[in-house]
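Inspection log for the structure reproduced underneath, given as structure tokens.
In our numbering, the protein residues as written are 9 to 548.
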């Protein structure tokens, strides 16, 4: 075949263009652009709206509360209000709310593998050439063009079948042959017989995504339970600091009153002047204890305000008047076995681990199927109509023109080490998860038993400290009466005052520690949300 000179020039021009493109392609086009200007300064690139907050999980347990109006810089706050303020305002919780939604999107992504796909393509080619006849050695020009178009649907089914239905058109025009148009209806099926066969294998990724979504839900639940426990413990520690501050103030008042009595007796000559040293020292100790109590009170107030997300400069100055009383009727635990069983059912970290272990079992199924060779059977059916025009070719499609293609495709890796390695890793991860769950169950039972032991300790401690405080009150009263008649010294009275102060602090501390022990017990058994009437709204 000889090519005309004009065509040669076009070929040279095309070759030069290709060489130019090759030279440009060897450069670094990513350095042509100012990335900061493109992405940082162009706000038009991000046009998507924020995520609908209705898609995020939200703790539900009461009406929306507003921070109470402060009177003289002080707000009255109950334990229930503190809990709901934290659930509505805590910033860490607002961040964690996105995790279940993000994890849930992977299920949608995996299901998208089985969505039908619409495809379409069209091609146009044109040719002008000069050919030489082999019989006559006469040169002649050939001009023609071809048009090909196709559209259809293809879909991958969970059973392992790939289906494709299409409509195709082809047209050929040439100055050497008659025009020809053809229309084809096609149906293609491919079935995996070994690797990739069956819904149990092909839906593994979807099921794993579901399990991961449920696991993230338990992870979110665990975060809320921990936050809830932190708020309640912070509230009760603030109550303890408030009660302790009151005790310190009262003890200082008593110490000053005792000092006044000592000085009165010194003035009338009943006792020597050096007797005032013990009373003055006791007043100094009470003032020192009061300063430390005020510092602890401020610290616990700030910690509580942070959990409530009251962290601006104005609200940090707020004073809190706790309205929930720590004193309550205490009882011993007689249902430890039921609580252990409840913990094995409700603990979010344990449920999360169980779900992830299920996901690892599915990974064993998937990798075991990967050990099999690839064996696919396929069939391609077609019905074609031919004519000199498109409309007539479509009308002739019901004639006896058809094509059938049937075949089998086989492939297998020799050695298959990659698949065997993945299978071994999957089985090892599954066994590791089983062992981890056994260990976690033991840890859960230990947590419940330790929390129950703390309940029992604080329950007994409350009774013991109450008796001690009552005895110390009687001792102080007796020492004060003896001092008034000159039968004892101010040093013994001061000692009795210190003993009473210690017993008062020990009693209120035991009461608060019992409250905290209850919170830790509910946290250990995973029932804190239910016991506080809180549920998690989550749109899956």
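Heads up, the beta-carbon is just placed ideally off N, CA and C, and yes, glycines get one too.
Let me know the secondary structure DSSP gives residue 397 once reduced to three states. To locate residue 397, count along the chain shown from 1; it is residue 389. Coil, per DSSP.
Apart from the five residues just before and just after residue 549, which ones in its own chain have a Cβ nearer than 6 angstroms to its Cβ? The shown model of the chain, from 9 to 548, leaves out residue 549, and the question about it has no answer.
Nearest residue (CA-CA) to residue 100, options 238, 439, 198, 22: Position 92 of the chain shown, counted from the start, is the residue given in the question as residue 100. With distances taken between Cα atoms, residue 100 lies closest to 238.
Excluding the 5 residues preceding and the 5 following residue 244 in the sequence, name in chain order all residues of the same chain whose CB lies nearer than 7 angstroms to its CB. Working through the chain shown from its first residue, we reach residue 244 at position 236. Around residue 244: 334, 520, 523, 524.
The beta strand (DSSP E) enclosing residue 417, as first and last residue numbers: Numbered from its first residue, the chain shown carries residue 417 at position 409. First-last of the beta strand (DSSP E) with residue 417: 410 to 419.
Use the C-beta contact count for residue 410: other C-beta atoms within 10 angstroms, 16 or more gives buried, fewer gives exposed. Counting from 1 along the chain shown, the entry for residue 410 is found at position 402. Exposed, because fewer than 16 other Cβ atoms sit within 10 Å of the Cβ of residue 410.
Which of helix, strand or coil DSSP assigns to residue 142: Here residue 142 refers to the residue found at position 134 when the chain shown is read from its first residue. DSSP places residue 142 in coil when its eight states are reduced to three.
What does the alpha-carbon distance come out to for the pair residue 314 and residue 97? Numbered from its first residue, the chain shown carries residue 314 at position 306. Numbered from its first residue, the chain shown carries residue 97 at position 89. Roughly 10 angstroms between the two C-alpha positions.
Go ahead and label residue 190 buried or exposed: buried means 16 or more other beta carbons lie within 10 angstroms of its beta carbon, across all protein chains shown. If you number the chain shown from 1, residue 190 lands on position 182. Result: buried.
On the three-state DSSP scale, how would you describe residue 125? In the chain shown, residue 125 corresponds to position 117, counting from 1. Residue state, collapsed to three classes: strand.
Can you tell me whether DSSP reads residue 154 as helix, strand or coil? By one-based count along the chain shown, residue 154 stands at place 146. Residue state, collapsed to three classes: strand.
Does the contact criterion of 3 or more C-beta pairs under 8 angstroms hold for the stretch 528 to 541 versus the stretch 352 to 370? yes
Look at the Cβ atom of residue 150, then the Cβ atom of residue 133, and state whether they are nearer than 9 angstroms. Position 142 of the chain shown, counted from the start, is the residue given in the question as residue 150. Position 125 of the chain shown, counted from the start, is the residue given in the question as residue 133. No.
Does residue 136 come out as helix, strand or coil in the three-state DSSP assignment? As a working mapping, residue 136 is identified with position 128 in the chain shown. DSSP places residue 136 in strand when its eight states are reduced to three.
Nearest to residue 381 by CA position, among 390, 419, 371, is which residue? Indexing the chain shown from 1 puts residue 381 at position 373. Looking at the Cα atoms, 419 is the closest of the given residues.
Cβ-based neighbour list, residue 548, same chain, cut-off 8 angstroms, excluding 5 preceding and 5 following: Taking the chain shown and counting its residues from 1, the one referred to as residue 548 is at position 540. Caution is warranted here: a pLDDT of 44 is assigned to residue 548, below 50, making its placement in the model unreliable, and the coordinate value is therefore given only provisionally. If we look at residue 548 and ignore the five residues flanking it on each side, its Cβ neighbours are 112, 221.
Since I believe residue 311 is in contact with residue 1 (beta carbons under 8 angstroms), could you give me their beta-carbon distance rounded to a whole number of angstroms? The structure shown has nothing for residue 1, since the chain only spans 9 to 548.
Out of 267, 272, 309, state which residue places its alpha-carbon closest to the alpha-carbon of residue 293. Counting from 1 along the chain shown, the entry for residue 293 is found at position 285. Closest option to residue 293, Cα to Cα, is 267.
Terminal residues of the beta strand (DSSP E) in which residue 340 lies: As a position in the chain shown, residue 340 is number 332, starting the count at 1. Where residue 340 is concerned, there is no enclosing beta strand (DSSP E), given that its DSSP letter is neither H nor E.
Looking only at its chain, what residues have a beta carbon closer than 6 angstroms to the beta carbon of residue 256, apart from the 5 residues adjacent to it on each side? Residue 256 sits at position 248 when you count from the first residue of the chain shown. Cβ neighbours of residue 256 beyond the five flanking positions: 297, 298, 301.
Cβ-Cβ distance between residue 516 and residue 251 below 9 angstroms: Within the chain shown, the letter at position 508 stands for residue 516. Within the chain shown, the letter at position 243 stands for residue 251. Their beta carbons are under 9 angstroms apart, which means residue 516 touches residue 251 by this criterion.
Residue from 42, 424, 478 whose Cα sits closest to the Cα of residue 508: The count along the chain shown starts at 1 and reaches residue 508 at position 500. The option with the nearest alpha carbon to residue 508 is 478.
So, at 6 angstroms on beta carbons, what are the nonlocal neighbours of residue 187 in its own chain, with the 5 sequence-adjacent residues on each side left out? In the chain shown, counting from the first residue as 1, residue 187 sits at position 179. Once the five neighbours on either side are set aside, the close Cβ partners of residue 187 are 181, 396.
Neighbour-count burial assignment, residue 406, 16 or more Cβ in a 10 Å radius: The residue you call residue 406 lines up with position 398 of the chain shown. Answer is exposed; the Cβ neighbour count stays below 16.
Suppose you measure from the CA of residue 130 to the CA of residue 114; what does that come to, to the nearest Å? In the chain shown, counting from the first residue as 1, residue 130 sits at position 122. In the chain shown, counting from the first residue as 1, residue 114 sits at position 106. If you take the alpha carbons of residue 130 and residue 114, they lie about 34 angstroms apart.
Residue 475 to residue 330, Cα distance in whole Å? For the purposes of this step, residue 475 is identified with residue 467 of the chain shown, where counting begins at 1. For the purposes of this step, residue 330 is identified with residue 322 of the chain shown, where counting begins at 1. Approximately 26 angstroms between the Cα atoms of the pair.
Who are the Cβ neighbours of residue 362 in its own chain at under 7 angstroms, not counting the five residues just before and after it? Numbered from its first residue, the chain shown carries residue 362 at position 354. If we look at residue 362 and ignore the five residues flanking it on each side, its Cβ neighbours are 445.
Assign residue 105 to buried or exposed, taking buried as 16 or more other Cβ atoms, counted over all protein chains shown, within 10 Å of its Cβ. In the chain shown, counting from the first residue as 1, residue 105 sits at position 97. Buried, by the Cβ-count rule.
Going straight from the alpha carbon of residue 375 to that of residue 421, what length do you get? In the chain shown, residue 375 corresponds to position 367, counting from 1. In the chain shown, residue 421 corresponds to position 413, counting from 1. Rounded to the nearest angstrom, the two C-alpha atoms are 15 angstroms apart.
With a CB to CB cut of under 6 angstroms and the five nearest residues on each side skipped, what residues in its chain are close to residue 253? In the chain shown, residue 253 corresponds to position 245, counting from 1. These residues qualify, in order along the chain: 301, 305.
So, residue 174 versus residue 195, is the Cβ gap smaller than 9 angstroms? Here residue 174 refers to the residue found at position 166 when the chain shown is read from its first residue. Here residue 195 refers to the residue found at position 187 when the chain shown is read from its first residue. Yes, these two residues count as a Cβ contact at 9 angstroms.
Considering Cα atoms alone, identify which of 463, 200, 121 is closest to residue 337. Translated into the one-based positions of the chain shown, residue 337 becomes position 329. Answer by Cα proximity: 463.
Residue 230, DSSP secondary structure in three states: Taking the first residue of the chain shown as position 1, residue 230 is located at position 222. It is helical.
Is the distance from the Cβ of residue 168 to the Cβ of residue 216 below 9 angstroms? Counting from 1 along the chain shown, the entry for residue 168 is found at position 160. Counting from 1 along the chain shown, the entry for residue 216 is found at position 208. No, the Cβ-Cβ distance between residue 168 and residue 216 is not below 9 angstroms.
How is residue 385 classed by DSSP in three states: helix, strand or coil? Taking the chain shown and counting its residues from 1, one reaches residue 385 at position 377. Strand.
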